[in-house]
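Here the structure is laid out as C-alpha cells; the discussion comes afterwards.
Dropping the structure here:
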C-alpha cells in the first residue's frame with residue numbers, strides 16, 4: 001500500500017472491485033432479460049421493486065463504507081486491534097438492522113408499491129417478486145459489509161470471486177425457476193435469494209478460517225456506541241446518496257406511470273443501464289479507497305494526491321468510452337430487452353439522455369469516496385446530496401410539468417451535469433490543499449514516493 005508502484009497497485013485492487021460491482025449491476029439486467037419474456041407488466045413490476053433493492057442496500061453502505069474507511073486508516077497506522085473492532089461492530093450491527101428492515105418491508109410491500117404507482121395488473125407481480133428479494137436482502141447486507149471489509153484489507157479478489165459466483169448461480173437458476181418450474185417473476189426473486197446465500201457462505205468460510213488480516217469477533221458492548229458513531233459518521237453520506245437515489249427513482253417511476261406501462265418499463269431499463277456504468281466507477285473508487293485511506297493514515301500526502309489523480313483519469317476514460325458506445329448503440333441495446341415499438345422509442349431516448357453526462361458523474365464518484373477515505377463527513381455529505389437531492393428531484397418536478405415525458409428524461413441529464421461540475425470544483429480545491437500538505441511533508445522528510 002505504501003511503496004508499490006501506484007497505478008499498477010490501484011488497477012490491481014480496483015479491477016476486481018470493478019468486475020465484482022459490474023456483476024452486481026448485471027444481476028438486475030439478467031433478471032430483466034428473463035422477466036422481459038413474461039411481458040411489459042412483469043418488467044414494469046420489476047422496475048417498481050427496484051427502489052426497495054436500492055434502499056435496503058443503504059444499510060450495507062452505512063456500516064460497510066464507514067467501517068472500510070476506518071479499517072484502512074487503522075491499518076495505515078499499524079493499529080490492527082482497532083481495525084478488527086470496527087469490522088466486528090459494523091457486520092453484526094448491520095445484520096440486526098437489515099433483519100428488522102426486511103420484516104417491516106414484507107408487511108408494508110403492497111401499500112408502498114401502490115404508492116409508487118403499481119396498478120391492479122402490476123401489483124400482484126411486484127409483491128410476489130419483492131417478497132423474495134426482501135428475504136434475500138439480509139444476506140445481501142451481510143455480503144456488502146463483508147465486501148467492504150475485505151476490500152479495506154486489500155483483498156479485492158475475494159470480493160470479486162464471491163460476486164461472480166453468486167451471479168453465475170443466479171444466471172443458472174433464473175431460466176429454471178421462471179420457465180421450467182413455471183414460477184414467473186416470483187422465480188426470478190427465488191433465484192436471486194439462493195444466489196445471495198451462496199455469497200454469504202463464501203464470506204463466512206473466509207472469516208471462519210481467518211484467511212485475512214481482519215479477525216471478526218463479537219463486538220465489545222463498552223465500545224459499541226463510540227465505534228458505531230464513528231462508522232455512521234463516515235457511512236451516512238454514501239447511504240444518504242443511495243436513499244436520495246431511491247427517492248428520485250420512486251419519483252421518476254411515479255411520473256413515468258402517468259405515460260403508461262411502456263414508459264415505466266423503458267425508463268426503468270435505461271436506469272439499470274446507467275447503473276451498469278455507475279457501479280464500475282464506484283468499484284474503481286472502492287478498490288482504490290484502501291490505498292487512499294491507508295496513506296491518509298500513514299500521513300503520506302504525496303501518494304494520496306497521486307492516487308486521486310490516477311482515479312480521476314481512469315474514471316473519465318472509462319465513463320467516456322462506455323457512454324459513447326451506449327449512446328451509439330441505444331436502439332440496438334433496448335431491442336435486446338423489449339420488442340414493443342413504443343417501449344423501444346421511449347427507451348432509446350432515455351438511454352441517450354441518461355448517459356450523456358456520465359463522464360463528469362465519474363468525477364463526482366471519485367470526489368465522494370475520496371472524502372470518505374479522508375474521514376471528511378461534511379464534504380462527503382454535501383457531494384452525496386448534490387445529484388439526487390439538490391438537482392434531480394426539483395428538476396423532475398419542474399421539467400415534467402412543463403415539457404411532459406421529454407422534460408422528465410432531460411431532467412436526469414441536467415442534474416448529472418450540474419452535480420458533476422460542482423464536484424469537479426470541490427475536488428480541485430481539495431487537491432490544492434493536499435498538494436500544500438505534500439510539499440510540507442517533503443520539506444520535513446516525509447511523503448516521499450517510492
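Numbering (my numbering), first residue to last: 1 to 450. Positions of the beta carbon are idealized from the N, C-alpha and C atoms, including for glycine.
Query                                                                                                                                                                            : Result
State the DSSP-derived secondary structure class of residue 215, mapped to helix, strand or coil.                                                                                : coil
Take residue 125 and list the residues in its own chain whose beta-carbon comes closer than 6 Å to its own, dropping the five residues that flank it on each side.               : 42, 45 and 185
Could I get the ranges of all uninterrupted alpha helix (DSSP H) runs contained in the stretch 265-340, with 4 residues as the minimum, in chain order?                          : 301-328 and 330-337
Nearest to residue 54 by CA position, among 19, 101 and 13, is which residue?                                                                                                    : 101
Identify whether residue 377 lies in helix, strand or coil by the three-state DSSP scheme.                                                                                       : helix
With distances taken from CA atoms, which of 245, 149, 246 and 266 is nearest residue 339?                                                                                       : 266
Kindly confirm or deny that the stretch 312-322 and the stretch 348-365 touch, where touching means at least three C-beta pairs closer than 8 Å.                                 : yes
If we count Cβ pairs, one from each stretch, closer than 8 Å, do we get three or more for the stretch 190-199 versus the stretch 161-169?                                        : yes
Am I right that residue 212 and residue 150 are in contact with their C-beta atoms under 8 Å? What's the rounded C-beta distance?                                                : 6 Å
Report the residue from 154, 350, 59 and 323 whose alpha carbon sits nearest the alpha carbon of residue 268.                                                                    : 350
Would you give the residue range spanned by the alpha helix (DSSP H) that residue 259 belongs to?                                                                                : Per DSSP, residue 259 belongs to no alpha helix (DSSP H) and is neither H nor E.
Quick check on this structure: which residue in 82, 253 and 61 has the alpha carbon closest to the alpha carbon of residue 71?                                                   : 82
Compare the Cα-Cα distances from residue 248 to each of 52, 65, 31 and 377 and report the closest residue.                                                                       : 52
Given this structure, state the Cα-to-Cα distance separating residue 8 from residue 113, to the nearest angstrom.                                                                : 46 Å
When you compare only the Cα positions, how much space is there between residue 160 and residue 402?                                                                             : 45 Å
Indicate whether residue 238 and residue 61 have their beta-carbon atoms separated by less than 8 Å.                                                                             : yes
Measure how close the beta-carbons of residue 235 and residue 65 come, nearest whole angstrom, since I'm counting them as under 8 Å.                                             : 5 Å
At the level of alpha carbons, what is the spacing between residue 29 and residue 293?                                                                                           : 33 Å
Drop a sphere of 10 angstroms on the beta-carbon of residue 176, count the other beta-carbons inside from all chains shown, and report buried for 16 or more, exposed for fewer. : exposed
How should residue 391 be labelled, buried or exposed, when 16 other C-beta atoms within 10 angstroms of its C-beta is the threshold for buried?                                 : buried
List, from N- to C-terminal side, the alpha helix (DSSP H) runs of 4 residues or more that fit wholly inside the stretch 123-201.                                                : 123-152 and 156-175
Note the first and the last residue of the continuous alpha helix (DSSP H) segment covering residue 118.                                                                         : Neither: residue 118 is in no alpha helix (DSSP H) and is coded neither H nor E.
For the 8 Å Cβ check, are there 3 or more pairs between the stretch 411-426 and the stretch 380-387?                                                                             : yes
Would DSSP call residue 64 helix, strand or coil?                                                                                                                                : helix
Is residue 274 near residue 264, with beta carbons less than 8 Å apart?                                                                                                          : no
Am I right that residue 189 and residue 132 are in contact with their C-beta atoms under 8 Å? What's the rounded C-beta distance?                                                : 3 Å
Under a Cβ-count criterion, where at least 16 other Cβ atoms within 10 Å of its own Cβ denotes burial, should residue 429 be classed as buried or exposed?                       : exposed
Nearest-angstrom Cα distance between residue 449 and residue 411?                                                                                                                : Per-residue confidence for residue 449 stands at a pLDDT of 38, beneath the threshold of 50, marking its modelled position as unreliable; the derived number appears in the next sentence. Residue 449 and residue 411: Cα-Cα distance of roughly 44 Å.
Quick check: is any heavy atom of the ligand NAD less than 7 Å from the C-beta of residue 188?                                                                                   : By its list of ligands, the structure shown contains no ligand whatsoever, and the ligand NAD lies outside what it can speak to.
Output yes or no for whether 8 Å exceeds the beta carbon distance between residue 331 and residue 344.                                                                           : yes
So for residue 439, helix, strand or coil by DSSP?                                                                                                                               : helix
Pick helix, strand or coil for residue 448, following the three-state DSSP scheme.                                                                                               : At residue 448, the pLDDT of 41 sits below 50, so the modelled position is not reliable and the matter cannot be decided from this model.
Here's the rule: buried if 16 or more other CB atoms are within 10 angstroms of the residue's CB, otherwise exposed. What is residue 226?                                        : exposed
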